[in-house]
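The next block holds one structure in the form of structure tokens; read it before the comments.
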Amino acid sequence: KSVFANTILGNPKYKVTQGKIFFGGKEITKLLPEKRVKLGLALAWQAPPAIKGVKLSRLFEKISKEKIKDNPPTTSSHSSLRSEWAPEKLGVDSDLLDREVNVDFSGGEKKISELLQILALRPKLVIFDEIDSGLDLKRLEKVSKIIKKELVAKGVSILLITHSGAILRYLEPKMTNVMVDGRVICKEKDYRKVLKTIKKYGYEKCKKCKLLAG
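Structure (structure tokens):
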């Protein structure tokens, strides 16, 4: 699933050997990652890297400058970004912005950092690679509420990758897919039915026939 997400974003480590990638009616198969981001794609990493010497606030400043350059009439300044996407909204201390990006961050803090960056980018499509891992139930609920309020409610499309499925009951996806060995083996609108099937049969035996029969 992570390979799938990285391929969509254009990670050069992965090569498309068959088919094409389209976004917003435009083929992006050969576009560089930065070009895809400017079109509105964004990925919240499962295991984001630590960047020593760069504070999270400095990263936001860079994001802000790029957004202002691309959309001068509507994009807010770094100061308003800092207040609008304040860490307090996710239940964490505001000093998170004054720390080096992901350096000595807990698993939960890394997820918060990724989400804040996504909000600042203001994308059209977000791929969340296991945003629910490393979060306790209280923080998971808060993160889900932010995603619904600041992304889903504003028309942003979400592609959510999850193994536990814990976040699904908060976000209630319109379509659920099960991918095993690089292939989508079933599609279902009712995520509850998918979770029930996986819990009973496991991923390896989660075949379309079992899902529909349930």
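For the sequence shown, the numbering used here gives the first residue as 1040, with consecutive numbering after it.
Beta carbons: idealized from backbone N, C-alpha and C, even for Gly.
Scanning its chain for C-beta atoms nearer than 7 Å, with the 5 sequence neighbours on each side dropped, one finds around residue 1157 the residues 1081, 1083 and 1165, in chain order. DSSP links residue 1164 through a beta bridge to 1080 and 1196. DSSP, reduced to helix, strand and coil, places residue 1216 within a strand of the structure shown. Beyond the five residues adjoining it in sequence on each side, residue 1209 comes within less than 8 Å, by CB distance, of 1179, 1180, 1183, 1184 and 1187 in the same chain, given in chain order. Here DSSP, grouped into helix, strand and coil, assigns residue 1191 to helix. With contacts defined by Cβ atoms closer than 8 Å, residue 1136 and residue 1096 form a contacting pair. When rounded, the separation of the alpha-carbon atoms in residue 1203 and residue 1067 is 31 Å.
Annotation: residue 1146 to residue 1134 spans about 17 Å, alpha carbon to alpha carbon. Separation of residue 1168 and residue 1149 (C-alpha to C-alpha, rounded to the nearest whole angstrom) is 12 Å. In the assembly as shown, residue 1190 is a buried residue. Its beta-carbon has 16 or more other beta-carbons within 10 Å. In the three-state DSSP reduction, residue 1138 falls in the coil class, being neither helix nor strand. Around the beta carbon of residue 1056, fewer than 16 other beta carbons lie within 10 angstroms, which makes this residue exposed. At the C-beta level, residue 1163 and residue 1195 come within 8 Å of one another. When DSSP states are grouped into helix, strand and coil, residue 1233 belongs to the helix group. Its Cα nearest to that of residue 1143, the residue 1091 stands out among 1105, 1091, 1175 and 1219.
When the Cα atoms are used, residue 1063 and residue 1053 turn out to be separated by approximately 22 Å.
Cβ atoms of residue 1242 and residue 1207 stay farther apart than 8 Å, at about 15 Å.
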